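Engineer: Pasting a structure here, questions to come.
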């Protein structure tokens, strides 16, 4: 149980609770590493105020602000009954991290560089945020990278947890993102890979040949976001009907303000389904 008086964004360490003693002067400059199985305490609501540490090894250079979103759904000019009309949210990416990253991260990046001489073109950004490592990967090198991550004994990310689609309309030239969640049972580590593609060319290589468990995950991401996974054995919709128009989890998918038609039925927009007395 952690000390409730400790700030939530205090860096985590592997010191096993040791208190500083007479050797404090000798160790005060040492930066604690993050153990691979450490996670912040509390649920998402309790962790919502955590921010990237601005200084020190592995720290971010500063967030990359993508957009500022007003309201909950972005619908304008209609009566607001949600209570979110004045909500303003900044959409941002954590900035790239700098060496030394700490924990096992440096050794993993060095191992990838040894296996892939073009690692500088494969990995476009290294981000450590809230104790988790994310590698931003050029899509044309994704398949070669995951093969090395799975097969190399020093890496051995043999477990595929899932792929999540994200749509950032203001991230020009890379509006669609696919985030892969990998785990190493051998070394008790976890890793994210993030790949982006433009709206005009939403193609990413399928990883089903390396991780067969990605089959339905990629189908769902295609269904909800429109990302096309080249090489997938059967890339069809998995949640929506085959003839459903559009991809419902994209930010530009209509959630209100217009009527929706499907197979001859017309569903009124939210403001037309409500009466205001």
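Numbering (the numbering used here), first residue to last: 4 to 280. Think of the CB as a built atom: it goes at the ideal place given N, C-alpha and C, for glycine as much as any other residue. Being a predicted model, the structure only gives us computed values, none of them experimental.
Measure from the alpha carbon of residue 134 to the alpha carbon of each residue in 267, 227, 149 and 194, then state which is nearest.
Structural biologist: Residue 134 has its Cα closest to that of 194, out of 267, 227, 149 and 194.
Engineer: With C-beta atoms as the reference, is residue 162 less than 7 Å away from residue 153?
Structural biologist: no
Engineer: If you run the structure through DSSP and keep just helix, strand and coil, what is residue 108?
Structural biologist: helix
Engineer: Report yes if the C-beta distance between residue 168 and residue 243 is below 7 Å; otherwise report no.
Structural biologist: no
Engineer: Can you give the Cα-Cα distance for residue 112 and residue 155, rounded to whole angstroms?
Structural biologist: 13 Å
Engineer: As a quick exercise: from 116, 107, 121 and 138, pick the residue whose alpha carbon is nearest that of residue 97.
Structural biologist: 138
Engineer: Should residue 200 be labelled buried (16 or more other beta-carbon atoms within 10 Å of its own) or exposed?
Structural biologist: By the neighbour-count rule (16 or more Cβ atoms within 10 Å), residue 200 is buried.
Engineer: Within 10 angstroms of the Cβ of residue 237, are there 16 or more other Cβ atoms? Answer buried if so, exposed if not.
Structural biologist: exposed
Engineer: Spatial neighbours of residue 71 within its chain, please: CB distance less than 6 Å, with the 5 preceding and 5 following residues excluded, ordered by chain position.
Structural biologist: Excluding positions up to five away in sequence, the list reads 93.
Engineer: Considering residue 223, what are the terminal residues of the beta strand (DSSP E) in which it resides?
Structural biologist: Where residue 223 is concerned, there is no enclosing beta strand (DSSP E), although the alpha helix (DSSP H) it sits in stretches over 218-228.
Engineer: Alpha carbon to alpha carbon, how far is residue 270 from residue 264? Give it in angstroms, no decimals.
Structural biologist: 6 Å
Engineer: Who pairs with residue 208 in a beta bridge, going by DSSP?
Structural biologist: Answer by DSSP bridge pairing, in chain order: 233.
Engineer: By a C-beta neighbour count over all protein chains shown, 10 Å radius and 16 as the cutoff for buried, is residue 170 buried or exposed?
Structural biologist: Buried: at least 16 other Cβ atoms inside 10 Å.
Engineer: Using a Cβ-Cβ cutoff of less than 8 Å, which residues in the same chain neighbour residue 266 once the five nearest sequence positions on both sides are dropped?
Structural biologist: none
Engineer: How many Å lie between residue 202 and residue 99 at the Cα?
Structural biologist: Taking the straight line from one Cα to the other gives about 24 Å.
Engineer: Specify the secondary structure class of residue 147 as computed by DSSP and reduced to three states.
Structural biologist: Annotated three-state conformation of residue 147 is helix, per DSSP.
Engineer: Using a 10 Å radius around the Cβ and a threshold of 16 neighbouring Cβ atoms, would you call residue 206 buried or exposed?
Structural biologist: exposed
Engineer: Taking the DSSP output, what are the residues bridged to residue 117?
Structural biologist: Per the DSSP secondary-structure output, residue 117 pairs with nothing in a beta bridge.
Engineer: Just confirm the distance between the C-beta atoms of residue 209 and residue 197, as a whole number of angstroms; I'd bet it's less than 8 Å.
Structural biologist: Contact flag wrong, Cβ pair sits at about 16 Å.
Engineer: Residue 124 to residue 145, Cα distance in whole Å?
Structural biologist: 11 Å
Engineer: On a CA-only basis, which of 164, 176 and 147 is nearest residue 219? Give me that one, please.
Structural biologist: 164
Engineer: May I have a chain-ordered list of the alpha helix (DSSP H) segments no shorter than 4 residues that lie completely inside the region 123-177?
Structural biologist: 145-154
Engineer: If you draw a straight line from the alpha carbon of residue 192 to that of residue 186, how long is it in whole angstroms?
Structural biologist: Spanning the two alpha carbons is a distance of roughly 6 Å.
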